[in-house]
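To start, the structure itself, in structure tokens.
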Amino acid sequence: LKKYLMRFYLFLFSLSLLFNACISAKIKTTDFIEKQWELTEIDGAAVTDTDFTRTPQLFFKSDGSFGGNDGCNGMGGLYNLENEKITLSEVIGTKMFCEEAKDRLFNSLIANAEKVKVLNDKLTFYTNDKIVLVFKKID
């Protein structure tokens, strides 16, 4: 009986370690701050040369601010990151007219993003656990 109890407790201990590892899967700010990110996918589709006037880019700073462009206009503001939950606030931008409508889609998707993950030099934004924006790290 002691042998089985010991195995059972070892199993529970191993299970708790695995569970805690999954729960504490935090994004480290060093994974994405002070790096330039360029959009590669929007709403499930690869970005093409005709989607935007220029390819959207983002840059997150260690002071909690971010900047970049939406493919047409410059933009910036503040971000807050807790675990994988991201919130953008006080977002401002220029208001130039661009013929491509994807800049409005980009702004809508990034404004409603709830979660962010960084893996293999890719920055991925999620809404309702669906991938909405994917960026690649550029030098």
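Mapping to this note's numbering: the sequence shown position 75 is 98, numbers consecutive. Ideal Cβ placement from N, Cα and C applies to all residues, glycine included.
- For N92, the enclosing beta strand (DSSP E) has its first and last residue at 88 to 92.
- Sequence-distant Cβ neighbours of D144 in its own chain, meaning closer than 7 Å and more than five residues away, are K159, K160.
- For I133, the uninterrupted alpha helix (DSSP H) segment begins and ends at 125 to 134.
- For V70, there is no enclosing beta strand (DSSP E), as DSSP marks it with neither H nor E.
- Bounds of the beta strand (DSSP E) holding E61 are 59 to 65.
- Apart from the 5 residues on each side of it in sequence, F83 sits with its Cβ closer than 7 Å to the Cβ of F55, I56, F89, Y102 in its chain, given in chain order.
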